[in-house]
Amino acid sequence: MSVPLPLPPRPLPPDESGFVERLRQGDSRAFRELVTLHQASLIRLASSFVPSNAVAEEVVQETWIAVIRGIDKFEQRSTLKTWITRILVNIARTKGVKERRTVPMGSLLSDTADHAAVSPDRFTGPPGRGEWSQPPARWSELPEEVVLSGATIALVIDTVRLLPEQQKWVVMLRDVEDWSSSDVCDALGLTEGNQRVLLHRGRSTLRAMLEGRLGVAS
């Protein structure tokens with residue numbers, strides 16, 4: 130039986146190889162640039178999986194420590210962003226198990242539950258990529274500045290926190306952080322098919338919960 134050859138490193142975005150080398154050489158300016166670029170996103174992600182901002186900050190701090198300690202072992206098979214997020218995911222999951230709040234909605238749902246929280250005829254397009262065919266009445270009537278306000282975005286993220294864990298990660302990365310499906314699969318170790326299913330179920334459940342707060346379409 131043949132032994133599979135190791136995968137070659139994936140080409141990095143322009144200048145990222147040089148940036149990684151600067152990090153490996155202990156360039157403090159490069160590290161500050163890295164923190165500035167990713168800190169807000171990492172805090173957002175971590176805060177969805179732990180009970181407080183203080184714990185989220187601990188998760189991110191531990192992530193940066195792990196990045197510094199592990200940069201020499203970074204094999205460049207993914208982007209630096211994906212690698213850092215994978216570290217965050219592992220740390221946040223560990224913290225979440227220890228300090229997770231009791232969430233009734235989450236306890237009633239599972240990542241593999243075979244149900245639609247919103248009727249399929251409310252969507253257009255294929256599963257996991259569909260859009261509203263009948264949007265929530267009040268949501269569609271809200272002014273753009275309100276929809277894009279910090280309070281509304283915070284409401285969405287707070288509602289995402291109620292999703293089952295795998296759905297939560299996928300929805301946060303795809304819809305809040307605007308990651309591609311391939312990057313999400315890489316960061317979370319998912320197949321493309323599994324990622325699509327989790328995204329569809331997460332979006333469906335999220336929409337149903339948001340309708341309860343923003344109004345149900347007639």
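Numbering (the working numbering), first residue to last: 130 to 347. We put the CB at the ideal spot given by N, CA and C, even for glycine.
Extent of the continuous alpha helix (DSSP H) to which Q295 belongs: Here residue 295 is taken as the residue at index 166 of the sequence shown, counted from 1. Q295 -> alpha helix (DSSP H) spans 294-300.
Note down the Cα distance separating R173 from E306, rounded to an integer number of angstroms. Residue 173 sits at position 44 when you count from the first residue of the sequence shown. Residue 306 sits at position 177 when you count from the first residue of the sequence shown. About 9 angstroms.
C-alpha gap between E187 and W298, whole angstroms: As a position in the sequence shown, residue 187 is number 58, starting the count at 1. As a position in the sequence shown, residue 298 is number 169, starting the count at 1. Their Cα atoms are separated by approximately 19 angstroms.
So the alpha helix (DSSP H) S311 belongs to, where does it begin and stop? By one-based count along the sequence shown, residue 311 stands at place 182. Residues 310-317.
Thinking just about the alpha-carbon of each residue, which of K210, Q324, R151, S309 is nearest to the one in S170? In the sequence shown, residue 170 corresponds to position 41, counting from 1. The shortest C-alpha separation from S170 is found at K210.
Whole-number beta carbon distance between Q324 and S309, since they are thought to touch under 8 angstroms: Numbered from 1 along the sequence shown, position 180 holds the residue referred to as residue 309. Numbered from 1 along the sequence shown, position 195 holds the residue referred to as residue 324. Going by Cβ atoms, the distance from S309 to Q324 rounds to 10 angstroms, so no, they are not a contact pair.
In angstroms, rounded to a whole number, what distance separates the CA positions of F148 and A221? Numbered from 1 along the sequence shown, position 19 holds the residue referred to as residue 148. Numbered from 1 along the sequence shown, position 92 holds the residue referred to as residue 221. Roughly 26 angstroms separates the two Cα atoms.
How would you call L163, buried or exposed, if buried means at least 16 neighbouring beta carbons within 10 angstroms? As a working mapping, residue 163 is identified with position 34 in the sequence shown. When all chains shown are included, L163 counts as buried.
With a 10 Å radius around its C-beta and 16 neighbouring C-beta atoms as the bar for buried, classify A175 as buried or exposed. Along the sequence shown, one-based indexing puts residue 175 at 46. Buried, by the Cβ-count rule.
Would you mind stating whether R151 and A159 have Cβ atoms separated by less than 7 angstroms? Translated into the one-based positions of the sequence shown, residue 151 becomes position 22. Translated into the one-based positions of the sequence shown, residue 159 becomes position 30. Contact flag set, yes.
Decide if G199 is buried, meaning its Cβ has at least 16 other Cβ atoms within 10 Å, or exposed. Position 70 of the sequence shown, counted from the first residue, corresponds to residue 199. Exposed is the call here.
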